[in-house]
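Below is one structure, written out as structure tokens, with a few remarks after it.
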Amino acid sequence: IWQLYLSLSICTGIGAAIVTVANFRLLVQWFTKFRSTAFGINVSLCSLVAFILPYIMVPVNNNLGPAWTFRIIGLSILALQLVAFPLVKERKRASESPMKEIRDTLDLSLLKNLNFLVWTCIGPIQLYAFYITFTYVPSYATYIGLTDFQGGAIVSVLALTGVVGRILVGMAGDRIGNLNTFTVCMAISAFSVLVIWTFAYTFATMILFAVVQGFVGGTYFSLSTPITAVVVGIEKFPGAMGIRCIALSLIVFGPFLANYLKSMRIFIGASYAVCALLTLFLKFRLDKRPWAKI
45 IWQLYLSLSI CTGIGAAIVT VANFRLLVQW FTKFRSTAFG INVSLCSLVA FILPYIMVPV
105 NNNLGPAWTF RIIGLSILAL QLVAFPLVKE RKRASESPMK EIRDTLDLSL LKNLNFLVWT
165 CIGPIQLYAF YITFTYVPSY ATYIGLTDFQ GGAIVSVLAL TGVVGRILVG MAGDRIGNLN
225 TFTVCMAISA FSVLVIWTFA YTFATMILFA VVQGFVGGTY FSLSTPITAV VVGIEKFPGA
285 MGIRCIALSL IVFGPFLANY LKSMRIFIGA SYAVCALLTL FLKFRLDKRP WAKI
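When we follow my numbering, the leftmost residue of the sequence shown carries the number 45, and every step to the right adds one.
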């Protein structure tokens with residue numbers, strides 16, 4: 045079992061963190077006018093892979109076994125990184141001082157910025173609700189008498205609508221403002237959980253919930269980086285990313301805490317509602333005009 049801890053827990057975690065942070069730090073430098081749309085397209089591929097990959101890996105696992113399944117996944121990731129690496133380029137030249145680069149990666153002076161602290165708190169709350177939804181939906185489907193195939197179909201709809209939803213959310217962010225879009229999407233997410241999911245006892249109503257939630261549930265992935273750039277400015281963005289990543293690591297306790305929650309749907313819906321209220325508070329701190337594009 046130690047091989048799984050070393051490979052999947054430690055090596056995969058470190059590698060994924062490095063690639064993700066580098067991806068966000070670089071992409072934000074190259075877009076200003078259509079920044080949110082660019083991030084929406086970028087993160088929508090995650091939903092597409094989440095939808096397609098099980099249909100590929102299950103037959104591979106059945107025919108070749110788990111060992112070769114892991115090898116194929118690892119070699120595929122390596123091949124993609126080797127193709128992507130030569131294409132990566134920073135628009136802003138890196139600092140000549142390595143120590144300055146390290147300080148910029150974790151700028152503790154941002155902890156005095158109330159706007160940034162509010163935005164940082166929103167991240168773990170929203171992602172906790174998002175991931176627990178995917179975890180809890182299959183068991184809830186079984187609880188109301190649906191088959192395993194129907195439960196899997198609901199999760200597939202959640203993932204597939206997320207592909208389109210993340211792109212549309214990014215486009216909306218560029219058009220009406222990132223914080224405005226995020227607030228509306230969090231309100232819709234809360235409604236989908238507290239109203240649609242709470243009274244969903246058939247396959248049709250669960251599919252309706254999956255469509256609505258799928259479109260708006262992944263909003264954080266599309267808009268979190270553009271909003272961070274708005275809140276702290278592009279110069280302090282690298283330091284903000286470091287602190288955000290530390291805060292987001294708290295979501296690893298989500299599945300553990302979920303085991304002790306009796307009213308799961310109420311808690312998830314309340315989490316989305318809290319995110320909407322905190323984002324609305326942040327919006328008015330940055331600009332008191334109700335219809336300001338921000």
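Beta carbons are placed, not taken as given, at the ideal position from N, Cα and C, and that holds for glycine.
- Under the 10 Å beta carbon count, Cys55 is surrounded by fewer than 16 other beta carbons and is classified as exposed.
- Residue range 158-187 is occupied by the alpha helix (DSSP H) that includes Tyr175.
- For the region 238-297, the full-length alpha helix (DSSP H) segments reaching 4 residues or more read 247-261, 263-276, 281-292 along the chain.
- Segment contact: the region 152-159 against the region 324-338, three or more CB-CB distances shorter than 8 Å; contact assigned.
- Beta-carbon to beta-carbon, Gly262 and Gly209 are separated by about 6 Å, close enough to satisfy the 8 Å threshold.
- In this chain, the alpha helix (DSSP H) harbouring Gly206 covers 192-220.
- Look at the beta carbons and you see the region 184-193 not touching the region 280-289: under three pairs across the two are nearer than 8 Å.
- Between the region 64-71 and the region 234-242, the count of Cβ pairs shorter than 8 Å is below three; the stretches do not touch.
- Across the structure, Leu204 and Leu152 are spaced so that their CA atoms are roughly 38 Å apart.
- The Cβ neighbour count for Leu89, taken over all protein chains shown within 10 Å, is under 16; the residue is labelled exposed.
- Annotation: Leu50 is outside any alpha helix (DSSP H) and is labelled neither H nor E by DSSP.
- Taking the C-beta atoms as reference points, Ala291 is found no nearer than 7 Å to Leu154.
- Ranking Ala234, Ile295, Ala231, Val213 by CA distance to the CA of Ser268 puts Val213 first.
- Under the three-state reduction of DSSP, Arg333 is assigned to coil, being neither helix nor strand.
- With a threshold of 16 other beta carbon atoms within 10 Å, Ser51 falls short and is exposed.
- When DSSP states are grouped into helix, strand and coil, Ile85 belongs to the helix group.
- Taken through DSSP and simplified to helix, strand or coil, Lys133 comes out as coil.
- Counting along the chain, Thr56 sits inside the alpha helix (DSSP H) bounded by residues 56-74.
- Phe78 sits in coil when the DSSP states are folded into three classes, being neither helix nor strand.
- Residue range 110-128 is occupied by the alpha helix (DSSP H) that includes Gly118.
- Three or more beta-carbon pairs drawn from the region 173-182 and the region 310-324 are found closer than 8 Å, and the two stretches are therefore classed as touching.
- Using a C-beta cut-off of 8 Å, the region 246-263 makes contact with the region 221-230, since at least three inter-stretch Cβ pairs fall below that distance.
- When the Cα atoms are used, Met215 and Gln47 turn out to be separated by approximately 43 Å.
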